[in-house]
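Visitor: If you read the sequence shown in this note's numbering, its first letter stands for residue 11, the second for the next number, and so on. A virtual CB, placed ideally from N, CA and C, is assigned to each residue, including glycine. All values derive from a computational prediction rather than experimental measurement.
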Amino acid sequence: HVSNTLGTINPIREIVKMAHQYGIPVLVDGAQAVPHSPVNVSELDVDFYAFSGHKMYGPTGIGILFGKSAWLEKMPPYHGGGEMISRVTFEKTTYNELPFKFEAGTPDIAGSVGLHAAIEYLEGIGLNNIAEHENELLKYGTELLREIPGLRLIGNAANKAGLLSFVVEGTHPYDIGTLLDKMGLAVRTGHHCTEPIMDRFGIPGTVRASFGMYTTKAELDRLAAGIKRAVKLLL
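Below is the structure:
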């Protein structure tokens, strides 16, 4: 849904419409979207929509998969165990109804409770409020970084989420990232599991600064100052 490298918010509704014209089901990775803005899977008309728990400030190792009931009814279970069987005979096995046929054995009960608490926490703040805050940070941070000589922002889509991915002429992203880390500034460096995008831009990787609901303009000021200091040390 949202590019973890460029921040681009992809036109999912339009993509789904095109795919459905040819009978193609669509699964969307919403891990970068759900914690940052409201998502309505019915309006998007996606067949499947998946996202993770820890990116919503919840537990690790757990996530959510939405699926249209028509598809879930057709799909066989991929795990066997208690509760997912309705009846077993020598001739055949009848699976339980949804969602139980996909919930074999003992589920991650503690993780589910933690994820529910995280979702309630985000809803209490308001996803529209979070989106508005992060959009303001995006505009502010973009202006700050564009003023740094030699810095090039990678990804300038009109519809974009709260992250800034960049390179600095004459430096390697890892070197910038290492120096920022020494300054107490948390960024991600590398190809971000999107090597084809790096090939498209002809770069080895980027430095990526991502915003959360807790990020402040003062922290973006520190980031810009840190980049300038890192560049001065490297060049």
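#1: At which residues does the alpha helix (DSSP H) containing V47 begin and terminate?
#2: Nearest to L174 by alpha carbon, out of K111, T188, M208, K149?
#3: Give me the residue from L125, H201, I19, V178 with the minimum Cα distance to H64.
#4: List the DSSP bridge partners of G200.
#5: Tell me where the beta strand (DSSP E) around D231 begins and ends.
#6: Where do the ends of the beta strand (DSSP E) carrying G77 lie?
#7: Count the other C-beta atoms from every protein chain shown that fall within 10 angstroms of the C-beta of M208, then say buried if there are 16 or more, exposed otherwise.
#8: Output the distance between the C-alpha atoms of G187 and F110, rounded to the nearest integer angstrom.
#9: Label F61 either buried or exposed according to how many other C-beta atoms from any shown protein chain fall within 10 Å of its C-beta, with 16 as the threshold for buried.
#10: Kindly list the residues whose CB is nearer than 8 Å to the CB of K238, restricted to its own chain and excluding five residues on each side of it in sequence; keep chain order.
#11: Assign N138 to one of two classes, buried (16 or more other C-beta atoms within 10 Å of its C-beta) or exposed (fewer than that).
Guide: In this structure, then:
#1: Taking the first residue of the sequence shown as 1, we reach residue 47 at position 37. The question names Val, but residue 47 is Ser in the sequence shown. It is not in any alpha helix (DSSP H) - S47 carries neither H nor E in the DSSP assignment.
#2: Numbered from 1 along the sequence shown, position 164 holds the residue referred to as residue 174. Closest option to L174, Cα to Cα, is K149.
#3: Taking the sequence shown and counting its residues from 1, the one referred to as residue 64 is at position 54. Closest option to H64, Cα to Cα, is L125.
#4: Walking along the sequence shown from the start, residue 200 turns up at place 190. T216.
#5: For the purposes of this step, residue 231 is taken as the residue at position 221 of the sequence shown. No beta strand (DSSP E) holds D231; the alpha helix (DSSP H) holding it covers 227-244.
#6: Numbered from 1 along the sequence shown, position 67 holds the residue referred to as residue 77. From DSSP, the beta strand (DSSP E) with G77 extends over 73-77.
#7: Here residue 208 refers to the residue found at position 198 when the sequence shown is read from its first residue. Result: buried.
#8: Locating residue 187 in the sequence shown gives position 177, counting from the first residue. Locating residue 110 in the sequence shown gives position 100, counting from the first residue. Distance between the alpha carbons of G187 and F110 is about 45 Å.
#9: Along the sequence shown, read from residue 1 onward, the residue named residue 61 stands at position 51. Label assigned to F61: buried.
#10: In the sequence shown, residue 238 corresponds to position 228, counting from 1. Excluding sequence neighbours, K238 sits near I158.
#11: The sequence position of residue 138 within the sequence shown is 128, counting from 1. Its Cβ having fewer than 16 others within 10 Å, N138 is exposed.
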